[in-house]
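S.K.: What follows is a structure written as structure tokens; I'll ask about it next.
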Amino acid sequence: MAPNGLKGLKITAANRWLALMAKHEMDFILSGILQAFQLLISGNAEAYSAVMATLQVSTGSMAISLILGVPAGFLLGYFEFPFKRSLRTVVDTLLALPTVLIGLLVYAFVSKRGLLGEFGMLFTLTGIAVGQAMLALPIVIALTATAVESIDRHLRVVLISLGANRRQLLLSSLWEARFGILAAAVTAYGRVLTEVGISMMVGGNIKWHTRTITTAIALETNKGQFALGIALGLILLFLAFVVNFGVSRLRRKA
Amino acid sequence: MWIGGLNMTPIYQINALEHRYGNQAPALRVERMQIAPNRIVGLVGPNGSGKSTLLKILAFIFKPSRGQVLFEGRAAAPFDEAVRAKVTILPQDAFLMKRSVFDNVAYGLKVRGNGKTDIASRVTDALARVGLDADFAARPWHALSGGEAQRVALAARLALRPKVLLMDEPTASVDAKSARRIRAAALESRAQWGTTLVIASHDLHWLYGVCDDVVHLHRGRLLGQGLKTVINGPWQQDANGQWGRNLSDGSRLNVPPPPTPDAAAVIDADALTFADPVTPPAAGSYHMPGAITRMILLKGQGIAATVAVGDAQFTVSLSQDAAIANKVYPGRTVVLQAQDSGWRWLS
Chain A
447 MAPNGLKGLK
457 ITAANRWLAL
467 MAKHEMDFIL
477 SGILQAFQLL
487 ISGNAEAYSA
497 VMATLQVSTG
507 SMAISLILGV
517 PAGFLLGYFE
527 FPFKRSLRTV
537 VDTLLALPTV
547 LIGLLVYAFV
557 SKRGLLGEFG
567 MLFTLTGIAV
577 GQAMLALPIV
587 IALTATAVES
597 IDRHLRVVLI
607 SLGANRRQLL
617 LSSLWEARFG
627 ILAAAVTAYG
637 RVLTEVGISM
647 MVGGNIKWHT
657 RTITTAIALE
667 TNKGQFALGI
677 ALGLILLFLA
687 FVVNFGVSRL
697 RRKA
Chain B
133 MWIGGLNMTP
143 IYQINALEHR
153 YGNQAPALRV
163 ERMQIAPNRI
173 VGLVGPNGSG
183 KSTLLKILAF
193 IFKPSRGQVL
203 FEGRAAAPFD
213 EAVRAKVTIL
223 PQDAFLMKRS
233 VFDNVAYGLK
243 VRGNGKTDIA
253 SRVTDALARV
263 GLDADFAARP
273 WHALSGGEAQ
283 RVALAARLAL
293 RPKVLLMDEP
303 TASVDAKSAR
313 RIRAAALESR
323 AQWGTTLVIA
333 SHDLHWLYGV
343 CDDVVHLHRG
353 RLLGQGLKTV
363 INGPWQQDAN
373 GQWGRNLSDG
383 SRLNVPPPPT
393 PDAAAVIDAD
403 ALTFADPVTP
413 PAAGSYHMPG
423 AITRMILLKG
433 QGIAATVAVG
443 DAQFTVSLSQ
453 DAAIANKVYP
463 GRTVVLQAQD
473 SGWRWLS
């Protein structure tokens, strides 16, 4: 009968697929994961070099983007001025800035022929950090502005009525938006941590020097070295989990 | 308008004040108003009558579009040292900062920066005034009920021991127990520190019970003190040329000729009396059949009775003796008599 025949066909197809998996892909993915854990436990120097490079550039880029972005976002969200809405639209558009475009721009500026060529930032961690800061800045500005805008309109009345002067009014308003601003920082950090375009183009993926987690994964995959790629991927996943866990905690508080 | 004694420096003096939001019609217009210290002043009026605007201007939250507010005889503006932390307002919606209860109550003391004040004991004292235990101080801002949040908000103001406490519908959205506590704590602050209270509320029972003066606001203007009734138009002429308004129950409320058909009529409680239903009205007075719905014991002496004439609610004042003699009690049908000269018009 037709249904039985179909059933048989299904089972056969599934079995054959499983058999294929076992023979080819599953083999090296499973062994890749096992090797990855071995690499992580044994403290593979190449993996940890990439992790350190990633942490260095992301710390640098976050420092730049927060120092510039939080005050700018606060101004954008707190005060009323002409063309505020247009400026908001520009910032929101920059949220979608592709990393390869930033990579191209930074490359053009910091290469020998570029305006900033004399600083020798091409193929350095500093160069990557500058590019990643450009990536993070619109995120920090836009989300900080949103956090400041969403402060309750009653806050101003409350602060003035309790005797705050102008400076205290500003600082206390900023403090009230702290969870939203932290969430903005963490969101930007997650983006910076996982980007590959800027690191690859501006950093050049130089081993022991500018090779970050993401560029290392891209390279190792091309080489067919899945173990190191997976090991680094697991670290990245873990970092991303920590970051997102932080964001969701802050969102609930804000 | 003068509220309170004339022989002392008023705590507030308003000169030619006008406030507009954006390009709209003025939300508030006060030619002249004085409030003597240590009074309890009630503000009454429908939503949008300018109560909140007046309170925020008196609290120096923002500057009026035009005119001057003098505090203790001197012109003052928002953020002035002379008014900071001396004048405070409790807004209608409880709003706490994202901090612990302690930090919320201590905020005003901390920004004032008086090193000599024992902040912890002030906070405990302020919380006790609104009926909250000292261990409440450790609670985070999000772990409070609406009534508790409003009490904490009031405690934050009381910790300052303010000269003026302005309250905008302080008990509109809280439970009965919190409302009792809030009222008691406000009155206590006045008794202990001589705090001047200005309270906007729809709760006429409470206001008439505790206030030295009750001021009516209507469409951004002061109607003066005392018990009043405001009846909105539009007014129409009937076949005989008599001005009046048809009420929802089918009866008609007759009034003297208004200046414009949209003007609002104001009649003082003193200008209304109970009439004999059998005798027809004398020339120049109007009879209005209605029923007594509510009676309030006033703070000084006497009684205010609310008489429903169709959908219009009139407030009549009378002495206790008159109430007994006329058998005035809720539920009784009566005929109100208004003197022609008792009507005033607002356009």
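So the protein sequences, as listed, match chains A and B. Under this note's numbering, the first residue of the first sequence carries the number 447, and numbering increases by one thereafter. Under this note's numbering, the first residue of the second sequence carries the number 133, and numbering increases by one thereafter. We put the CB at the ideal spot given by N, CA and C, even for glycine.
Quick one, which of B:L222, B:L290, B:S232 has its alpha-carbon nearest A275 of chain B's?
M.R.: The residue labelled residue 275 of chain B in the question sits at position 143 within the second sequence. Out of B:L222, B:L290, B:S232, B:S232 has the C-alpha closest to the C-alpha of A275 of chain B.
S.K.: Taking C-alpha atoms, which residue in B:L329, B:P158, B:K195 lies nearest to I172 of chain B?
M.R.: As a working note, residue 172 of chain B is residue 40 in the second sequence. Checking every option, the nearest Cα to that of I172 of chain B belongs to B:L329.
S.K.: From the DSSP output, read off the bridge partner residues of H419 of chain B.
M.R.: In the second sequence, the residue the question calls residue 419 of chain B occupies position 287. According to DSSP, which records beta bridges pairwise, H419 of chain B is partnered with B:Q469.
S.K.: Quick check on H600 of chain A - is its C-beta less than 9 angstroms from some C-beta in chain B?
M.R.: Residue mapping note: residue 600 of chain A aligns to position 154 of the first sequence, counting from 1. Chain B contact via Cβ: present.
S.K.: Taking buried to mean at least 16 other C-beta atoms within 10 Å of its own C-beta, is M447 of chain A buried or exposed?
M.R.: Here residue 447 of chain A refers to the residue found at position 1 of the first sequence. Only weak support exists for where M447 of chain A lies, its pLDDT of 46 falling under 50; the coordinates are left without a value.
S.K.: Can you check which of these residues, A:E666, A:M646, A:A460, A:V603, is closest to V546 of chain A by C-alpha distance?
M.R.: On the first sequence, residue 546 of chain A is found 100 positions in, with the first residue counted as 1. Nearest of A:E666, A:M646, A:A460, A:V603 to V546 of chain A, Cα basis: A:M646.
S.K.: Could you spell out the range, first to last residue, of the beta strand (DSSP E) harbouring Y144 of chain B?
M.R.: Position 12 of the second sequence, counting from 1, holds the residue named residue 144 of chain B. Element bounds for Y144 of chain B: 144-151.
S.K.: Just the Cα atoms here: how many angstroms apart are A226 of chain B and L616 of chain A?
M.R.: As a position in the second sequence, residue 226 of chain B is number 94, starting the count at 1. As a position in the first sequence, residue 616 of chain A is number 170, starting the count at 1. Each residue's Cα considered, the two are about 21 angstroms apart.
S.K.: Name the one or two DSSP bridge partners that T480 of chain B has.
M.R.: Residue 480 of chain B lies beyond the range of chain B shown here (133 to 479); nothing can be said about it.
S.K.: So, is P366 of chain B buried or exposed, given that buried needs 16 or more other C-beta atoms within 10 angstroms?
M.R.: Mapped onto the second sequence, residue 366 of chain B falls at position 234. It counts as exposed.
S.K.: Going by DSSP in three states, N236 of chain B sits in which element: helix, strand or coil?
M.R.: Numbered from its first residue, the second sequence carries residue 236 of chain B at position 104. DSSP places N236 of chain B in helix when its eight states are reduced to three.
S.K.: Quick check on DSSP: helix, strand or coil for V306 of chain B?
M.R.: One-based indexing of the second sequence puts residue 306 of chain B at position 174. In this structure, V306 of chain B counts as coil in the three-state DSSP scheme.
S.K.: My parser needs the alpha helix (DSSP H) runs of 4 or more residues fully inside the region 516-588 of chain A; what are they?
M.R.: 530-540, 545-556, all fully within the region 516-588 of chain A.
S.K.: Does chain B have any CB closer than 9 angstroms to the CB of A465 of chain A?
M.R.: Here residue 465 of chain A refers to the residue found at position 19 of the first sequence. Not one chain B Cβ lies under 9 angstroms of A465 of chain A.
S.K.: Please go through the same chain and pick out, in chain order, the residues whose beta-carbon is closer than 6 angstroms to the beta-carbon of T249 of chain B, but skip the five residues on each side of it.
M.R.: On the second sequence, position 117 is the one that residue 249 of chain B refers to. Contacts found: L241.
S.K.: Is there a Cβ of chain A sitting closer than 9 angstroms to that of D225 of chain B, yes or no?
M.R.: As a working note, residue 225 of chain B is residue 93 in the second sequence. Interface residue, yes.
S.K.: Can you find a CB in chain A that lies within less than 9 angstroms of the CB of Y239 of chain B?
M.R.: Reading the second sequence from its first residue, position 107 is the one you call residue 239 of chain B. Chain A, which has a Cβ nearer than 9 angstroms to the Cβ of Y239 of chain B, makes this yes.
S.K.: Starting from I652 of chain A, trace the beta strand (DSSP E) both ways and give me its first and last residue.
M.R.: As a first step, residue 652 of chain A is located in the first sequence; it is residue number 206 there, counting from the start. Careful: I652 of chain A lies outside any beta strand (DSSP E) and carries neither H nor E.
S.K.: Taking 9 angstroms as the threshold (C-beta atoms), are V284 of chain B and D359 of chain B in contact?
M.R.: Translated into the one-based positions of the second sequence, residue 359 of chain B becomes position 227. Translated into the one-based positions of the second sequence, residue 284 of chain B becomes position 152. Before going further, note that residue 359 of chain B is Leu rather than Asp in the sequence given. No. Outside cutoff.
S.K.: Hey, quick one: how far does the alpha helix (DSSP H) through N668 of chain A stretch, first residue to last?
M.R.: In the first sequence, the residue the question calls residue 668 of chain A occupies position 222. Taken as a continuous stretch (DSSP letters only), the alpha helix (DSSP H) holding N668 of chain A covers 659-669.
S.K.: I want to know whether the region 207-217 of chain B touches the region 600-611 of chain A - three or more CB-CB distances under 8 angstroms.
M.R.: Contact holds: three or more Cβ-Cβ distances are below 8 angstroms.
S.K.: What number of angstroms, rounded off, separates the C-alpha of R152 of chain B from the C-alpha of F194 of chain B?
M.R.: Here residue 152 of chain B corresponds to residue number 20 of the second sequence, with the count starting at 1. Here residue 194 of chain B corresponds to residue number 62 of the second sequence, with the count starting at 1. Straight-line Cα distance between these residues: approximately 12 angstroms.
S.K.: Output needed for P158 of chain B: all residues of its chain with C-beta closer than 7 angstroms, excluding positions within five of it in sequence on either side, in chain order.
M.R.: The count along the second sequence starts at 1 and reaches residue 158 of chain B at position 26. Counting only Cβ-Cβ distances below 7 angstroms, and skipping sequence neighbours, we find E150, H151, R152, G352.
S.K.: Which residues, in order along the region 604-622 of chain A, keep a beta-carbon less than 9 angstroms from a beta-carbon of chain B?
M.R.: Those residues of the region 604-622 of chain A that come within reach of chain B (Cβ to Cβ, closer than 9 angstroms) are V604, L605, I606, S607, L608, G609, A610, N611, R612, Q614, L615, S618, W621, E622.
S.K.: Can you list, in chain order, the residues of its chain with a C-beta nearer than 8 angstroms to that of L541 of chain A? Leave out the 5 residues immediately preceding and following it.
M.R.: Working through the first sequence from its first residue, we reach residue 541 of chain A at position 95. Hits under 8 angstroms: P584, I585, A588.
S.K.: Going straight from the alpha carbon of S321 of chain B to that of L286 of chain B, what length do you get?
M.R.: What you label residue 321 of chain B is simply residue 189 of the second sequence in a count that begins at 1. What you label residue 286 of chain B is simply residue 154 of the second sequence in a count that begins at 1. Between S321 of chain B and L286 of chain B, the C-alpha separation is close to 11 angstroms.
S.K.: Taking the continuous beta strand (DSSP E) assigned at R377 of chain B, which residues delimit it?
M.R.: Taking the second sequence and counting its residues from 1, the one referred to as residue 377 of chain B is at position 245. Where R377 of chain B is concerned, the enclosing beta strand (DSSP E) stretches over 375-378.
S.K.: Quick one, which of B:S449, B:G474, B:A191 has its alpha-carbon nearest Y418 of chain B's?
M.R.: Against the second sequence, residue 418 of chain B aligns to sequence position 286. Ranking the options by Cα distance to Y418 of chain B, first place goes to B:G474.
S.K.: Under 9 angstroms, do V306 of chain B and Q324 of chain B count as touching if we go by C-beta distance?
M.R.: In the second sequence, the residue the question calls residue 306 of chain B occupies position 174. In the second sequence, the residue the question calls residue 324 of chain B occupies position 192. For V306 of chain B and Q324 of chain B, no; Cβs fall outside 9 angstroms.
S.K.: For Q471 of chain B and A403 of chain B, I'd like the C-alpha separation in whole angstroms.
M.R.: As a position in the second sequence, residue 471 of chain B is number 339, starting the count at 1. As a position in the second sequence, residue 403 of chain B is number 271, starting the count at 1. Answer to the nearest angstrom: the Cα atoms are 6 angstroms apart.
S.K.: Does chain A have any CB closer than 9 angstroms to the CB of V243 of chain B?
M.R.: Counting from 1 along the second sequence, the entry for residue 243 of chain B is found at position 111. Interface residue, yes.
S.K.: Between T447 of chain B and A436 of chain B, which are expected to be in contact by the criterion C-beta below 8 angstroms, what is the C-beta distance as a whole number of angstroms?
M.R.: Here residue 447 of chain B refers to the residue found at position 315 when the second sequence is read from its first residue. Here residue 436 of chain B refers to the residue found at position 304 when the second sequence is read from its first residue. That pair is a contact at about 6 angstroms.
S.K.: Quick one: any contact between the region 645-664 of chain A and the region 486-496 of chain A, if contact means 3 or more CB pairs under 8 angstroms?
M.R.: Yes, the region 645-664 of chain A is in contact with the region 486-496 of chain A.
S.K.: Under 9 angstroms, Cβ to Cβ, is there at least one residue of chain B near R637 of chain A?
M.R.: The residue you call residue 637 of chain A lines up with position 191 of the first sequence. Taking Cβ atoms only, chain B never reaches closer than 9 angstroms to R637 of chain A, which makes this a no.
S.K.: Does the region 672-691 of chain A come close enough to the region 587-606 of chain A to have 3 or more Cβ pairs within less than 8 angstroms?
M.R.: Contact between the region 672-691 of chain A and the region 587-606 of chain A is absent, because fewer than three Cβ pairs lie under 8 angstroms.
S.K.: Keeping to the same chain, check which residues put their C-beta closer than 7 angstroms to that of L601 of chain A; ignore five residues upstream and five downstream.
M.R.: Translated into positions along the first sequence, residue 601 of chain A becomes position 155. Correct list, in chain order: S619, E622.
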